[in-house]
Amino acid sequence: MRFASLGSGSEGNGLVVDADGTCVLLDCGFGLADCVARLARLGLAPAALAGIVVTHEHSDHIGGVGRLARKYDLPVWLTAGTLAMAQDLEGVAIRIIDSHAPFAVDALEIQPFPVPHDAREPVQFVFGDGQRRLGVLTDAGTSTPHIEAMLTGVDALVLECNHDAAMLESGPYPASLKRRVGGRFGHLENGQAAALLGRVKHDRLQCVMAAHVSKKNNTRALAQAALAEVLVCAADEVGVACQTTGFDWIRL
Ligand SMILES: [Zn+2]
Ligand SMILES: [Zn+2]
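Under the working numbering, the first residue of the sequence shown is numbered -4, with each subsequent residue one higher.
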């Protein structure tokens, strides 16, 4: 099993997960040509995807899904709540998922779990191939016991480190947006991400990648330092999914 990021952040997200040649795209917040170019960087043709799995209706996650799905005839898995709020999915083969029910795409086992975020029915996922498991958590305002139960025991974790609390507080956002981002239905800050990691980490966890890092309210170095303290490693050993290049394939 392997995974890679097309890019991560408020301007667009996309993650590919490949189990034995079954490759799905998790979210697509990029325009069609941009997404195809980002896939090509990873050696992937869009038509080779088995489909697109969507976390929620915010444009940095769903903005490019309709065009990509129609052009390459890809099915799209999402919750009924996300579908209700989605635009531009006409003509797309929709597969409704339950936010608690696992489903499979060929060799890939996919376990959704609900998260607190200001969308209609947002979910995040654990992907597995029967041997290894990858947990993904971005766009969550806070952790919950259920999230931590889902992420305990994963071999790799892509974890939101959206903002630094002090930078958000003193940063350029208007007060209402600061409250939204920092609130219970907003995004995880570095300290929350580190605390969550401390509660789910275990001996088999071999890879943690920081994701959805804000350009305005965080730095790569702060996110790395927060997770490195928990992992007891050097800060530069913590990987970061950046907005422009994501990260290259990681094999589990
Ligand atoms: Zn987002
Ligand atoms: Zn969101």
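Idealized CB from N, CA, C, for every residue including glycine.
Under DSSP, Thr17 forms a beta bridge with Ala14. Looking at the backbone, the Cα of Ala161 and that of Arg175 are separated by about 15 Å. Gln126 is classed as exposed because its beta carbon has fewer than 16 other beta carbons within 10 Å across all chains shown.
For Cys30, the enclosing alpha helix (DSSP H) covers residues 27 to 36. Proximity annotation: ligand 1 has residues Ser5, Asn8, His53, Asp55, His56, Thr133, Asp134, His207 in chain order, each selected because its CB is closer than 7 Å to a heavy atom of the ligand. Checking the 7 Å criterion, the Cβ of His158 is out of range of every heavy atom belonging to ligand 2. Shortest Cα-Cα distance from Ala79 to any of Pro169, Tyr67, Leu69, Ile92 involves Ile92.
Ranked by Cα distance from Phe180, the first of Ala96, Val118, Ala14 is Val118.
Shown here, Arg127 sits in coil according to DSSP, grouped into three states, outside any helix or strand. For Glu155, the enclosing beta strand (DSSP E) begins and ends at 151 to 155.
Exclusion of the five residues before and after Gly58 leaves Gly24 as the residues of its chain whose Cβ lies within less than 6 Å of its Cβ. Taken in chain order, the complete beta strand (DSSP E) segments of 3 or more residues contained in the region 60 to 102 are 71 to 74, 89 to 92, 98 to 100. Around the CB of Ser165, fewer than 16 other CB atoms lie within 10 Å, so the residue is classed as exposed.
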